[in-house]
Amino acid sequence: MENKKFTITDDLLASKGQRLLNFIIDLFIIYVIEISIGTTIILIGDLTKSDTASNWVSSLSVVESFFFGLVILFFYYLITEMYFSRTFGKYFTKTMVVKHDGSRPNMKSIMIRTLSRLIPFEPFSFLTAERGWHDTLSVTYVVKKHDFLDKKKLFSEE
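For the sequence shown, the UniProt record's numbering assigns the number 1 to the initial residue and increments by one for each residue that follows.
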């Protein structure tokens with residue numbers, strides 16, 4: 001008896017347009033989170049009459065703000081992809097992250113995926129390849145959720 005295994009095929013992969021939209025939506029969300037955290041710190045500082053925190057946020061240099069944004073980016077992708085296999089951008093475009101066999105990525109894969117996003121120019125890796133560096137390094141795929149679930153259901157019924 002032949003033991004067939006489910007694998008991700010090219011027809012399930014999210015399009016470059018979907019991937020770009022994921023990136024834009026997620027960057028916007030990350031920016032909103034960054035602004036919200038900064039504003040919250042300033043408001044708490046004003047309410048408690050503590051200028052230390054407010055002054056710290058107000059005096060961040062461009063470089064410090066950039067690194068603050070990277071920390072938020074790291075936790076945003078790590079938490080959303082670890083718990084939901086998708087970010088808000090992926091939710092909007094109806095895509096999700098899976099392993100080559102269709103299973104949910106484990107913590108190690110998500111950590112590698114998230115850390116890979118910090119590589120300079122990583123977002124441009126999609127211009128020269130079908131999958132970006134954060135996909136290939138973590139051995140994960142971004143697939144069209146409904147097509148993936150339909151195909152996986154058909155496979156399990158065989």
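Think of the CB as a built atom: it goes at the ideal place given N, C-alpha and C, for glycine as much as any other residue.
Given the structure is predicted, the values throughout are model-derived calculations rather than measurements.
For THR80, the uninterrupted alpha helix (DSSP H) segment begins and ends at 62 to 84.
A buried status is given to LYS145, since no fewer than 16 other beta-carbon atoms sit within 10 Å of its beta-carbon. In the three-state scheme derived from DSSP, where H, G and I count as helix and E and B as strand, THR95 is classed as strand.
In this model, LEU127 and PHE75 are separated by some 25 Å (Cα to Cα). Under the three-state reduction of DSSP output, VAL142 falls in the strand class. Assignment of LEU127 by DSSP, reduced to helix, strand and coil, places it in the helix class. Taking 9 Å as the cut-off, the Cβ atoms of SER36 and ILE44 do not count as close.
Inter-residue distance for GLU157 and LEU13 is about 22 Å (C-alpha atoms, whole angstroms). Of the other Cβ atoms in all chains shown, fewer than 16 fall within 10 Å of the Cβ of VAL63; this residue is therefore exposed. The stretch 107 to 125 makes contact with the stretch 134 to 151, as at least three CB pairs between them are under 8 Å. Under a 10 Å Cβ-count criterion, TYR31 is classified as exposed, with fewer than 16 other Cβ atoms of the shown protein chains found around its own Cβ. Here the stretch 5 to 22 lies against the stretch 82 to 101, with 3 or more beta-carbon pairs under 8 Å apart. In the DSSP annotation of this structure, the continuous segment of the alpha helix (DSSP H) that includes ASN22 starts and ends at 16 to 47. The alpha-carbon of GLU34 is positioned some 10 Å away from that of THR40.
Restricting attention to VAL57, TYR77, THR80, the CA atom closest to the CA of PHE68 is found in VAL57.
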